[in-house]
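This report concerns only the one structure given below.
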Amino acid sequence: MSLILWVTLLGKFAFLSFLAVGGVMAVAPDMHRVVVDGLSLVSSEDFLAAVTLGKLSPGPNALFVAVLGYQIAGFSGALLIMIAMIVPSAIFAFYVTRWRQRNTHRLSVQSFAIGASPVVVGLLFSTAFILVKDFSEFSTLTCVVMVALIVWRTRLHLLLLMTLGALLGLSGLV
Amino acid sequence: MSLKYFDSKPQNLIALFYVFSLITLQGFGGVITVMQRTLVDQRKWFSQTEFLEMFTLSQVLPGPNVCNLALMIGDRFFGAKGAVVAMMGMLVLPLGVILVLASSYDQVAVGSPLAGMIKGMSVVAVGMTLGTGLRLLSGIQTDIVGRLVPMFVIAVVLYAVGYLRLSVAWAVFGCGAVSYLWARHCLQSRLAKRKAHQ
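Encoded structure:
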């Protein structure tokens, strides 16, 4: 891969990270446009595989970007693309956080903290709703509701729930 | 055993890195669930409301939410160093895991036991996201803004983003503006009342 191609790719990802309000998955379609359609660096199937892996492996979903980098140029590609994706937006987030810390007395800052929280809770529900639409079987939906109730009302260990989920999936029940 | 979890702040940077690594490695399909559990319910670093406040800001900022949230928490305890360490904690180990998986992904065939396991775990992950949303409901400051408007905002966001699939940015800025103005109005009338009493 040429230097110019690298600069283009990393620059575009750094730019996209600034548009990724609500998480990196929000700009996944734009990334697809860049690496699959625009620069033809990975195939559409590989892109989908990267997204799936990001969902399945532990940690932030944003890590699927590392898989894209890996598909393009191995381990160094993964590292470079992660840095491009995370560092610029993190620096921005850092300064906004600092600013807010110094201005907690302001009416606008307080209104924001209180006012935006229902939006964020709504976004969590939306994420769950979008994902739930992929499941059609009754047993699967029951399982989702059960897990939600357990997480809401009890302090059962989350890894225990995950293990149960894995076992249910293994036995073909969900 | 469980008593040692009740620390109300991390002792040093190593502890910070360790806690965030533990959180992130348990976060299959939803780190936020584990983070809320660990930091609010178990370690009591924050109250539900404080946590929701930081989570809200991290959601509205661009970039990976949970990483932004880790950054804020790290900064709060140890300044810039803490911000970097917390973010590294979130990313280093899972990056290793995902790259190992990426180099062996072709072996996961459809219909294999592994694929079944993965499906089961993703079902649980969806339930966890829903459960976290329900749990964070209690962090909304209904004593100030009441119940009606927040419920309405949640419903509109769910309809717009979940059902109509409008972009998240739209929901954040559109519904956020309405909710912000309402919160501002409530805070202002509270202040006015307090002044009238004095």
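Chains A and B, in that order, are what the protein sequence lines are.
209 is the number that the numbering used here gives to position 126 of the first sequence; each next residue is one higher, with no gaps.
166 is the number that the numbering used here gives to position 165 of the second sequence; each next residue is one higher, with no gaps.
Quick reminder that beta carbons are idealized off the backbone N, C-alpha and C, glycines included.
Because the structure is a prediction, the values reported are computed rather than measured.
Beyond the five residues adjoining it in sequence on each side, B/T130 comes within less than 6 Å, by CB distance, of G31 in the same chain, given in chain order.
Taking 8 Å as the upper bound on Cβ-Cβ separation, chain B lies near residues F218, T223, C226, V227, V228, M229, V230, A231, L232, I233 and V234 of the segment 218 to 234 of chain A.
The C-alpha of A/Y178 is placed about 22 Å away from the C-alpha of B/A178. Between the segment 196 to 208 of chain A and the segment 184 to 199 of chain B there are three or more inter-stretch CB-CB distances shorter than 8 Å, so the stretches are counted as touching. In the three-state reduction of the DSSP assignment, B/P63 falls in the strand class, which pools E and B.
Taking the C-beta atoms as reference points, B/P63 is found no nearer than 7 Å to A/P143. Contacts with chain A (Cβ-Cβ distance below 7 Å) from the segment 27 to 46 of chain B involve Q27, G28, F29, G30, V32, T34, V35, R38 and D42, listed in chain order. Cβ-Cβ separation between A/I164 and A/L93: approximately 7 Å, consistent with a contact (criterion under 8 Å). Taking B/G28 as reference, the option from B/L72, B/M152, B/G75 and B/C68 with the minimal CA-CA separation is B/C68. Not one beta carbon of chain A lies nearer than 7 Å to the beta carbon of B/A16.
A/Y153 reaches chain B at I99, L100, A103 and S104, counting residues in chain order whose Cβ is nearer than 9 Å. Taking A/A111 as reference, the option from A/L162, A/G137, A/T91 and A/M245 with the minimal CA-CA separation is A/G137. Under DSSP, B/F29 takes part in a beta bridge, and its partners are A/P141.
Secondary structure of A/V104 (DSSP, three-state): strand. Rounded to the nearest whole angstrom, the CA to CA distance from B/L167 to B/F153 is 17 Å. Listed in chain order, the positions of the segment 134 to 153 of chain B with a beta carbon within less than 7 Å of a beta carbon of chain A are G134, L135, R136, L137, L138, G140, I141, Q142, I145, V146 and P151. Judged by beta-carbon spacing, A/V134 lies beyond the 7 Å limit of A/S127, meaning their Cβ atoms are not closer than that value. Contacts with chain B at 7 Å (Cβ-Cβ) include A/S140. For B/Y181, a Cβ of chain A is located within less than 7 Å of the residue's own Cβ. At a C-beta separation below 7 Å, B/F56 has these neighbours in chain A: V203.
Comparing C-alpha distances from A/R236 to each of B/I155, B/M55, B/R148 and B/L135 shows the shortest one belongs to B/L135. The beta strand (DSSP E) runs of length 3 or more contained entirely in the segment 190 to 222 of chain A do not exist; there are none. Ranked by Cα distance from B/Q43, the first of A/M245, A/R238 and A/S159 is A/R238. Around B/A81, the same chain offers no residue with a beta carbon nearer than 6 Å, after the five sequence neighbours per side are excluded.
C-alpha of A/S123 to C-alpha of A/K95: approximately 14 Å in a straight line. Contact between B/V158 and A/L206 holds: CB atoms are separated by about 6 Å, below the 8 Å threshold. Counting only Cβ-Cβ distances below 7 Å, A/G248 has contacts in chain B at G121, M122, V124 and V125, in chain order. The beta-carbon of A/F98 is placed no less than 7 Å from the nearest beta-carbon of chain B. Fewer than three pairs of CB atoms, one per stretch, sit closer than 8 Å, so the segment 90 to 99 of chain B makes no contact with the segment 186 to 194 of chain A. A residue is called buried once 16 or more other Cβ atoms fall within 10 Å of its Cβ, and B/D76 is buried on that count.
No Cβ-Cβ contact shorter than 7 Å links A/S140 with B/V124. Collapsing the DSSP output to three states places A/T237 in coil. Look at B/L165: its C-beta is not under 7 Å from any C-beta on chain A. The C-beta of A/M84 has fewer than 16 other C-beta atoms within 10 Å across all chains shown, which makes the residue exposed. When the Cα atoms are used, B/L70 and A/I233 turn out to be separated by approximately 24 Å.
Among the CB atoms of chain B, none fall inside 7 Å of the CB of A/S126.
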